[in-house]
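In the numbering used here, the protein residues as written are 2 to 213. By construction, the Cβ of each residue, glycine as well, lies at the ideal position given by its N, Cα and C atoms. These numbers come from a predicted model, not from an experiment. In what follows, a structure is listed as structure tokens, so that the remarks can point back to it.
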């Protein structure tokens, strides 16, 4: 039977991983773990992570730079605050958001980052700079709550024709306007005709992607 008791160094690594996920939604990289615990080489961090996985505290997702999923806390208690959220490649007209063919991968997120039922949450990768004044930059991961309505000022994912866009929702007497929040003057307001757009969800969080 595997000894699940942790060494002091393994406890430090586990605490660092847990803190990173709770703070940003992203697990640390091997080199970030190395820097945190002062290993001479990345292999030291790899060894500690392998021990944590063998003892059942974490699970590693192959092929992902930040693919560490917490399974148990430092006391060996199973965690219930990490959920797998679908990263959707494209939002297509007439196709359910959670359709299997639209999901690129599943991302582990702390429920502390979510404000609603995690089964209604999906993620998109932001493209371009049309919402950089709202803190959404190219390559960032946008956390979205699935819903088909919006209130004034909500930041939403909307489907206009066959194109998905992230904009601020604004209602006027004449209709609906989708407003960019950008330092780039090339981005203009979008004023679709009634019946030509669909609200896909409201943005409830952003995870910065510093590797993009």
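Exercise for the section: Can you check the region 157-196 for any beta strand (DSSP E) of at least 3 residues that lies completely inside it and give the ranges in chain order? Expected result: For the region 157-196, whole beta strand (DSSP E) runs of length 3 or above, ordered along the chain, are 164-172 and 177-180.
Exercise for the section: Quick one: measure Cβ to Cβ for residue 204 and residue 144, integer angstroms, because I've assumed they're closer than 8 Å. Expected result: Residue numbering aside, residue 204 sits at position 203 when the chain shown is read from its first letter. Residue numbering aside, residue 144 sits at position 143 when the chain shown is read from its first letter. 7 Å between Cβ atoms; contact.
Practice task
May I ask which residues mark the beginning and end of the beta strand (DSSP E) holding residue 44?
Solution key: Sequence index remark: in the chain shown, residue 44 carries index 43 (1-based). Here residue 44 belongs to no beta strand (DSSP E); instead the alpha helix (DSSP H) covers 43-55.
Exercise for the section: Could you tell me which of 190, 13 and 174 sits nearest to residue 180, measuring between CA atoms? Expected result: Counted from its first residue, the chain shown places residue 180 at position 179. Ranking 190, 13 and 174 by CA distance to the CA of residue 180 puts 190 first.
Practice task
Report the rounded CA-to-CA distance for residue 199 versus residue 149, giving the unit in angstroms.
Solution key: Taking the first residue of the chain shown as position 1, residue 199 is located at position 198. Taking the first residue of the chain shown as position 1, residue 149 is located at position 148. Taking the straight line from one Cα to the other gives about 7 Å.
Handout entry: residue 67, DSSP secondary structure in three states
Key = The residue you call residue 67 lines up with position 66 of the chain shown. Correct three-state label for residue 67: coil.
Handout entry: Separation of residue 138 from residue 186, as counted between CA atoms
Key = Residue 186 sits at position 185 when you count from the first residue of the chain shown. Residue 138 sits at position 137 when you count from the first residue of the chain shown. When rounded, the distance between both Cα atoms is 15 Å.
Handout entry: Where the beta strand (DSSP E) containing residue 84 begins and where it ends
Key = Translated into positions along the chain shown, residue 84 becomes position 83. Note, residue 84: beta strand (DSSP E), 83-89.
Practice task
For the alpha helix (DSSP H) holding residue 26, just list the boundary residues, first then last.
Solution key: The residue given as residue 26 occupies position 25 in the chain shown. First-last for residue 26: undefined, no H or E at that position.
Problem - Pair within 7 Å by beta-carbon distance, residue 1 and residue 108 - result: Shown here, the chain extends from 2 to 213; a query on residue 1 therefore has no answer.
Practice task
Could you work out which residue in 23, 18, 38 and 39 is closest to residue 29 when comparing CA atoms only?
Solution key: Reading the chain shown from its first residue, position 28 is the one you call residue 29. For the residues 23, 18, 38 and 39, the minimum Cα distance to residue 29 belongs to 18.
Practice task
Give the range of the beta strand (DSSP E) segment to which residue 137 is assigned.
Solution key: Counting from 1 along the chain shown, the entry for residue 137 is found at position 136. From DSSP, residue 137 is part of no beta strand (DSSP E); its letter is neither H nor E.
Handout entry: With 16 other Cβ atoms within 10 Å as the buried cut-off, status of residue 58
Key = Reading the chain shown from its first residue, position 57 is the one you call residue 58. So residue 58 counts as buried.
Problem - Cβ-based neighbour list, residue 84, same chain, cut-off 7 Å, excluding 5 preceding and 5 following - result: By one-based count along the chain shown, residue 84 stands at place 83. Within the same chain, residue 84 has close Cβ partners 110, 112 and 119.
Problem - Beta-carbon gap between residue 31 and residue 14 smaller than 7 Å - result: On the chain shown, position 30 is the one that residue 31 refers to. On the chain shown, position 13 is the one that residue 14 refers to. No; because the gap between Cβ atoms is not below 7 Å, this pair is not in contact.
Practice task
Would you mind stating whether residue 132 and residue 86 have Cβ atoms separated by less than 7 Å?
Solution key: The sequence position of residue 132 within the chain shown is 131, counting from 1. The sequence position of residue 86 within the chain shown is 85, counting from 1. No, Cβ-Cβ distance for residue 132 and residue 86 is not below 7 Å.
Problem - Bridge partner(s) assigned by DSSP for residue 146 - result: In the chain shown, residue 146 corresponds to position 145, counting from 1. Residue pairing by DSSP places residue 146 opposite 122 and 203 in a beta bridge.
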